[in-house]
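S.K.:
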Amino acid sequence: MERLPILSLITYSPLVGAVILFLWANASPRAVRWIALVASSVSFLLSIGMLLAFDPHRSGMQFSETFEWLPELGIAYRLGVDGISAPLVGLTTLLTLIAVIASWEPIRHRVREYYITLLLLATGMLGVFVSLDLFLFYIFWEIVLIPMALIIGVWGSANRVYAAVKFFLYTLAGSLLMLVGIVALYQEYFQQTGVRTLDVLELARGQYSETFQFWAFLAFFLAFAIKVTMWPFHTWLPDAHVEAPTAGSVILAGVLLKMGGYGFLRFNLPLFPDATREWAPAIVVLSVIAILYGALMALVQRDFKKLVAYSSVSHMGFVTLGIFALNHAGLSGAMVVMLSHGFVTSALFLIVGVLYERAHTRELVAFGGLARNMPVFAAFFGLFAFASLGLAGLSGFVGEFLALLGGFRAYRWAGVLGTAVVILAAWYMLRVFQRVALVRAPGEPPDPDDPELRLATAHGVPPIAGGSDAHHAPVDPRTFPDVNWREALTLAPLALLTVWVGVYPLPVLRLIESALDAVLAAVTGSRL
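For what it's worth, this note's numbering labels the leading residue of the sequence shown as 208, then goes sequentially.
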C-alpha cells in the first residue's frame, strides 16, 4: 500500500463525487444522495485500509507522497501521516459518511448544491490532516472555511446568516494571522540556510531566536485557538452549532474543532519549542477557564443543542490542557479526548437532530418520558450522555483521565480544578438525560403510584401534569416514533467506537505513542 497514493485517493475521493454532481446538473435528489454516499464510502474504506496497514512501531511519516510543484519557491506536493494525523483522517472519513446519511431525509432544499458543498468540505478537512507542506496546508485550511460557512448560512435555521458570517470572520481572522506566521517562518528559514522551503519537517530543524519563536508561535496559536474554541475565542461556536443543520454540527464538532488541536501538535510544539514552554503556563490557565466556563454555561442552557455546544468548549479545554502540560500522559489524553469527542459529541448532535425532526423544537422543557415510547433512542442517548460525563468504561473517561493526569503532573492546581469540573459535567448531562428520557412527558397525567404525588396530595397541593414546565411544550413527545434505520445507522458505529475505546484503548494509545514521543522530544530538547 506504500506504493499506492492512498492519501491522495482518500483526500480526493469526495472531490471526485463533488465534480460529478457539479457536472450532472439535472441529477435527481435520489441520484445526488447515492453519488455522495459512494464517494464518501470510498474515502472511508480507503482510510480503514490505511489504518490497518499503518505501522505504529515506525517513527516518522508513512504513506508519503511527494512531487515538485513550485520548486523555485520551495513549494512541493507533500503528503504523509503519522500517529497523530492517521486516526484523525479515519475520524474525518467516518463522520463525513455519517453526515451524508444523516442528511438523507432532512435536507430537501437545494440537495445537489448541499452535497457538493459537503464533499468539498470533506476534501478540505482531509487535506489539512495529510499535508506536510505549509503552502498546501494553508490552501486546504482555507478550503474548509467557505463550504462550512455555506452549510450554516444556506441550510441552517432562522439566524443562519448571522452565525455563518460570525464563523467566517472569526476563522478568517485566525487564518490571516497564520498566513503572516507562515511567511515569516519561510523568510526566517531562508535567511538562516539560504534554502527556500515550506516542508514542515525541514522547517522544524531550524534554529530560531527566542524573540522570533515568541511572535511566530502567537500567530499560529491564535489561528488554532479560534478553531479549537479556546476561551475567550469561543463565541462563534454556540451560534454556529445552533443554526447549522444536524450534519453541519456533526462535522463542526467532530472534525473542525480537531483541526485546532492538530495544529498545536503539528506546528506550534515542534516548530517553536522554546516559545511553547514559555507560553504553556498561560495557555493552561485559559484551558482551565474554558473547562469551567463551558460546563457552567452548559448547566444553564434550555436549548438542547446549545447545551451540547457549550459542553464542547469544556471538552476542548481538556485537549489544550493535555497538550500544554507537555508530558506524555497529557499529550496522549489530548489525542484520546479529540477522538472521543468526535464520537460522543457528534452522536449527541445526532440525538438532538432526531428530536428536532419529530418536535421541531430543541427546548428541553418540551420533552420528557421518551424512554417509554423511544427505548432505542433512550439507550443511545444514555450511552453518549454517560460517555460525555466521563463514565469509566467509555471513551470519555480514558482521555479525560490522561489529560487530567498530565495536567496534575505539570500544574497540580490545574489537575485539581479540572477534576472538580467533571462533577459539573455529570450534573448537566445527568439532568438533561433525566429531563428528556425519564421524567413525565409534558401534559402527561401523573402516575398515581408516584410518591411525590402522594406527598403532594397529603398536603393538599395539586400536582401539575408533566412538571412545572409543561405549559411550554408545543408537542406531545409520547407520540414520537423511535429511531428509524437511517438514524440507527448513524448512531451505531459511534456507539461501538465509544465502548471499544473505553474498554480497550490500548490500540489507540499504541497508534499515537511514537508520534507523540517525537513531539515531546522536540519540546523538551529545546533551548531553555
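Note that beta-carbon positions come from the ideal geometry of N, C-alpha and C, so glycine has one too. These numbers come from a predicted model, not from an experiment.
Is Phe-431 helix, strand or coil by DSSP?
M.R.: It is helical.
S.K.: Tell me, please, which residues DSSP counts as bridged to Leu-286.
M.R.: Answer by DSSP bridge pairing, in chain order: Glu-272, Ser-338.
S.K.: Look at Lys-373 and Trp-443 and say whether their C-beta atoms are less than 9 Å apart.
M.R.: Yes, the Cβ-Cβ distance between Lys-373 and Trp-443 is below 9 Å.
S.K.: Taking C-alpha atoms, which residue in Ser-338, His-535, Phe-550, Gly-560 lies nearest to Gly-470?
M.R.: If we check each option's Cα against that of Gly-470, Ser-338 comes out closest.
S.K.: What number of angstroms, rounded off, separates the C-alpha of Gly-576 from the C-alpha of Ala-633?
M.R.: Roughly 20 Å separates the two Cα atoms.
S.K.: Take Leu-280 as the anchor and find which of Tyr-500, Ser-364, Leu-713, Phe-397 has the nearest alpha-carbon.
M.R.: Closest option to Leu-280, Cα to Cα, is Phe-397.
S.K.: Put Leu-328 into one of helix, strand or coil per three-state DSSP.
M.R.: Note: Leu-328 maps to helix in three-state DSSP.
S.K.: Mind listing, in chain order, the continuous alpha helix (DSSP H) runs of no fewer than 4 residues lying wholly within the segment 437-522?
M.R.: Counting only runs of 4 or more, we get 443-450, 453-458, 464-470, 480-506.
S.K.: Excluding the 5 residues flanking Phe-474 on each side, which residues of the same chain have their C-beta closer than 6 Å to its C-beta?
M.R.: Closer than 6 Å at Cβ, skipping near neighbours: Phe-427.
S.K.: Does the segment 278-297 come within contact of the segment 709-723, defined as at least 3 CB pairs closer than 8 Å?
M.R.: Yes, the segment 278-297 touches the segment 709-723.
S.K.: Using three-state DSSP, classify Leu-410 as helix, strand or coil.
M.R.: If DSSP states are grouped into helix, strand and coil, Leu-410 belongs with the helices.
S.K.: Nearest CA to the CA of Tyr-563: which residue from Trp-620, Val-526, Ala-451, Glu-409?
M.R.: Per the Cα distances, Ala-451.
S.K.: Going by alpha carbons, who is nearest to Gly-622 out of Val-730, Ser-521, Leu-528, Leu-713?
M.R.: The candidate whose alpha carbon is nearest that of Gly-622 is Leu-528.
S.K.: What do you reckon, are the CB atoms on Phe-261 and Phe-274 nearer than 9 Å?
M.R.: Against a cut-off of 9 Å, the Cβ pair of Phe-274 and Phe-261 comes out as no contact.
S.K.: Beta-carbon separation of Ser-248 and Ile-217 under 9 Å?
M.R.: No, Cβ-Cβ distance for Ser-248 and Ile-217 is not below 9 Å.
S.K.: Looking at Met-636: is its Cβ nearer than 9 Å to the Cβ of Leu-463?
M.R.: Result no, Cβ atoms of Met-636 and Leu-463 do not sit closer than 9 Å.
S.K.: List the whole-angstrom C-beta distance separating Val-515 from Phe-556, where the pair is believed to meet the contact cut-off of C-beta under 8 Å.
M.R.: Val-515 to Phe-556, Cβ: 6 Å. Contact.
S.K.: Can you give me the C-alpha to C-alpha distance between Phe-604 and Ile-458, rounded to a whole angstrom?
M.R.: Near 22 Å, if we compare the C-alpha coordinates of Ile-458 and Phe-604.
S.K.: What separation, rounded to the nearest whole angstrom, lies between the Cα atoms of Ser-733 and Ala-411?
M.R.: Below a pLDDT of 50, predicted positions are generally treated as unreliable, and Ser-733, at 45, falls in that range; the measurement from the model is reported next regardless. Whole-angstrom Cα-Cα distance: 11 Å.
S.K.: Find out if the Cβ-Cβ distance for the pair Thr-705, Ala-554 is shorter than 9 Å.
M.R.: Yes, they are a contact pair.
S.K.: Would you mind giving the Cβ-Cβ distance between Leu-325 and Val-296, rounded to the nearest angstrom? I have them listed as a contact below 8 Å.
M.R.: Not really, about 17 Å apart at Cβ, beyond 8 Å.
S.K.: Which residues in the same chain as Thr-731 place their Cβ atom closer than 6 Å to its Cβ, once the five residues preceding and following it in sequence are excluded?
M.R.: Excluding residues within five positions, none has a Cβ falling inside 6 Å.
S.K.: Can you confirm whether the segment 600-617 touches the segment 531-543 when touching is taken to mean that 3 or more C-beta pairs between the two stretches lie within less than 8 Å?
M.R.: The segment 531-543, when compared against the segment 600-617, does touch it at the 8 Å Cβ threshold.
S.K.: Taking DSSP's pairing of strands, which residues face Thr-277 in a bridge?
M.R.: Position check: residue 277 holds Leu in this sequence, whereas Thr was assumed. Answer is Ile-282, bridged to Leu-277.
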